[in-house]
Amino acid sequence: MNPTVITLPEKEHPSKAFGWAARDPCGVLSPFKFSRRATGEKDVAFKVLYCGICHSDLHMVKNEWGFSLYPLVPGHEIVGEVTEVGNKVRKFKVGDRVGVGCVVGSCRSCNSCKDDLENYCPKSILTYGAKYHDGSITYGGYSDTMVADEQFIIRIPENLPLDAAAPLLCAGITVYSPLRYYELDQPGLHIGVVGLGHVAVKFAKAMGVKVTVISTSPTKRKEALENLGADSFLVSRDNDQLQGVIGTLDGIIDTVSAEHPLLPLIGLLKSNGKLILVGAPEKQLELPIFPLLQGRKVVGGSMTGGMKETQEMVDFAAKHNVKPNIEVIAMEYVNTAMERLLKADVKYRFVIDIGNTLKATS
Ligand SMILES: NC(=O)c1ccc[n+]([C@@H]2O[C@H](COP(=O)([O-])OP(=O)(O)OC[C@H]3O[C@@H](n4cnc5c(N)ncnc54)[C@H](OP(=O)(O)O)[C@@H]3O)[C@@H](O)[C@H]2O)c1
Ligand SMILES: [Zn+2]
Ligand SMILES: [Zn+2]
Numbered sequence: 001m002n003p004t005v006i007t008l009p010e011k012e013h014p015s016k017a018f019g020w021a022a023r024d025p026c027g028v029l030s031p032f033k034f035s036r037r038a039t040g041e042k043d044v045a046f047k048v049l050y051c052g053i054c055h056s057d058l059h060m061v062k063n064e065w066g067f068s069l070y071p072l073v074p075g076h077e078i079v080g081e082v083t084e085v086g087n088k089v090r091k092f093k094v095g096d097r098v099g100v101g102c103v104v105g106s107c108r109s110c111n112s113c114k115d116d117l118e119n120y121c122p123k124s125i126l127t128y129g130a131k132y133h134d135g136s137i138t139y140g141g142y143s144d145t146m147v148a149d150e151q152f153i154i155r156i157p158e159n160l161p162l163d164a165a166a167p168l169l170c171a172g173i174t175v176y177s178p179l180r181y182y183e184l185d186q187p188g189l190h191i192g193v194v195g196l197g198h199v200a201v202k203f204a205k206a207m208g209v210k211v212t213v214i215s216t217s218p219t220k221r222k223e224a225l226e227n228l229g230a231d232s233f234l235v236s237r238d239n240d241q242l243q244g245v246i247g248t249l250d251g252i253i254d255t256v257s258a259e260h261p262l263l264p265l266i267g268l269l270k271s272n273g274k275l276i277l278v279g280a281p282e283k284q285l286e287l288p289i290f291p292l293l294q295g296r297k298v299v300g301g302s303m304t305g306g307m308k309e310t311q312e313m314v315d316f317a318a319k320h321n322v323k324p325n326i327e328v329i330a331m332e333y334v335n336t337a338m339e340r341l342l343k344a345d346v347k348y349r350f351v352i353d354i355g356n357t358l359k360a361t362s
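Residues 1 to 362 in UniProt numbering are what the sequence shown spells out, letter by letter.
Structure, rendered in structure tokens:
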């Protein structure tokens, strides 16, 4: 009988890497040594400078979706500076400002891939916690280095600060893509944003769309109106407020990360209105049918975006000065940040200062 050979994550590949990983569904992150593949001919390697914290990272470290692979190094809002490129890389050079979002691989031949929708490829490979083409586990951006095929690398324009650009790579594209695809980007339309996907508010305003923020947190009112540029604000748990605006919205982008009722939201839509869900709660949501029939309303979903559209979104953000509001934190603060994220206590995105605060232990 052959003994099973277990390769340690730090010996698997030639390039040493260091990050923070969750070891089990408790989700607590701690320092972790691993390795990255050598820079292949189509690969771009970069030093990670900042990485945003997405609620998906929290779902994943706790295995709430049931497919997490441990040790799990989260992070799919990764930005940094190119350190090496393979000899067939055409679009990037050493020193460029770049980023990686939610996906690092796809089949490149299915209909979704041909349509520049790598995110919907049945064989798409997530940036962390998934198996890469070579069978090794992918590790995300809570780490010092990153390597990815140039197809999955995004250029960050000079006028976008790198720290604020990080959340665009997931939070940004997740709301930009459905605004475009479901045609909620037309000037003069009125949409609701639920769960304060604050980047959605900023993109929609830049597109000329009227925005009502629908939040559980009355304390976010002032900032939503004055700082994010929303036109109005509703407290989602206040029935009187909701009653006053029934049938007034052309669409809703729902970014809520927890179980919540859809019925009141469907009620806010005009006839032909669209409720677009991008949040991914652990529990299934109940979908009431009759309120959809009465008014020919649509419920849709959307998941991140393809590479072409992600680059378009980043360029749009740079042109229209759409910058996520961030709280920059040190690596050691990450577990506290996760606890605060669970309580919706962040305005509005944590970004880890990897470049200055991730210290490799010997
Ligand atoms: N579809 C995709 O491609 C995609 C991409 C990224 C993330 N996601 C998913 O989208 C969700 C949001 O991610 P995020 O990073 O934006 O998370 P987040 O910062 O935690 O935002 C979620 C928001 O939901 C609201 N909320 C929380 N609990 C609620 C409850 N019980 N009832 C009603 N509202 C509640 C809060 O807003 P208020 O305080 O304003 O109420 C909170 O700020 C997560 O499930 C994540 O996995 C999906
Ligand atoms: Zn995300
Ligand atoms: Zn494909």
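Glycine included, C-beta positions come from ideal geometry on N, C-alpha and C.
Mapping DSSP to helix, strand and coil, what is A258?
Sequence index remark: in the sequence shown, residue 258 carries index 258 (1-based). Coil.
Label I289 either buried or exposed according to how many other C-beta atoms from any shown protein chain fall within 10 Å of its C-beta, with 16 as the threshold for buried.
In the sequence shown, the residue the question calls residue 289 occupies position 289. Result: exposed.
Could you tell me which of T310, C51, E41 sits nearest to G19, measuring between CA atoms?
Within the sequence shown, numbered from 1, the residue matching residue 19 stands at position 19. Closest by alpha carbon: C51.
Ligand 1 and S271: does any heavy atom of the ligand fall closer than 7 Å to the residue's C-beta?
Your numbering for residue 271 matches position 271 in the sequence shown. Answer for S271: no, Cβ out of range of ligand 1.
Please report the Cβ distance between G247 and K270, rounded to the nearest whole angstrom; I am assuming they are in contact, meaning their Cβ atoms lie under 8 Å.
One-based indexing of the sequence shown puts residue 247 at position 247. One-based indexing of the sequence shown puts residue 270 at position 270. Indeed they touch by this definition, with Cβ atoms about 6 Å apart.
How would you call N2, buried or exposed, if buried means at least 16 neighbouring beta carbons within 10 angstroms?
Numbered from 1 along the sequence shown, position 2 holds the residue referred to as residue 2. Unreliable positioning characterises N2 in this predicted model, as indicated by a pLDDT of 49, which lies under 50. A coordinate reading is not provided.
Is the beta carbon of G99 less than 8 Å from the beta carbon of I154?
Counting from one through the sequence shown, the residue named residue 99 turns up at place 99. Counting from one through the sequence shown, the residue named residue 154 turns up at place 154. Yes, they are a contact pair.
Would you tell me roughly how many angstroms separate the C-alpha atoms of I352 and Y333, rounded to the nearest one?
Taking the sequence shown and counting its residues from 1, one reaches residue 352 at position 352. Taking the sequence shown and counting its residues from 1, one reaches residue 333 at position 333. The alpha-carbon atoms of I352 and Y333 are separated by roughly 9 Å.
Ligand 1 heavy atoms versus the CB of A344: any closer than 7 Å?
Here residue 344 corresponds to residue number 344 of the sequence shown, with the count starting at 1. At least one heavy atom of ligand 1 is nearer than 7 Å to the Cβ of A344, so yes.
Per-residue DSSP class, three states only, for H133:
Mapped onto the sequence shown, residue 133 falls at position 133. Coil, per DSSP.
Are the stretch 68-78 and the stretch 111-129 touching by the rule of at least three beta carbon pairs closer than 8 Å?
yes
Would you check whether ligand 2 has a heavy atom nearer than 7 Å to the C-beta of C170?
Here residue 170 corresponds to residue number 170 of the sequence shown, with the count starting at 1. It does: the Cβ of C170 is within 7 Å (strictly closer) of some heavy atom of ligand 2.
Cβ pair count under 8 Å reaching 3, the stretch 208-225 against the stretch 279-297:
no
Note down the Cα distance separating D115 from T361, rounded to an integer number of angstroms.
Residue 115 sits at position 115 when you count from the first residue of the sequence shown. Residue 361 sits at position 361 when you count from the first residue of the sequence shown. So the alpha carbons of these two residues sit roughly 44 Å apart.
Enumerate in chain order the residues of its own chain whose CB-to-CB distance from L169 is below 6 Å, with the five nearest sequence positions on each side excluded.
By 1-based counting over the sequence shown, the position of residue 169 is 169. E77, G99, G101, listed in sequence order.
DSSP-derived helix/strand/coil call for F92:
To locate residue 92, count along the sequence shown from 1; it is residue 92. Correct three-state label for F92: coil.
Stretch-stretch touch, CB-based, cutoff 8 Å, three pairs: the stretch 192-201 with the stretch 248-266:
yes
Can we count S56 as close to ligand 1, meaning its CB is less than 7 Å from some heavy atom?
Taking the first residue of the sequence shown as position 1, residue 56 is located at position 56. Yes, ligand 1 has a heavy atom inside 7 Å of this Cβ.
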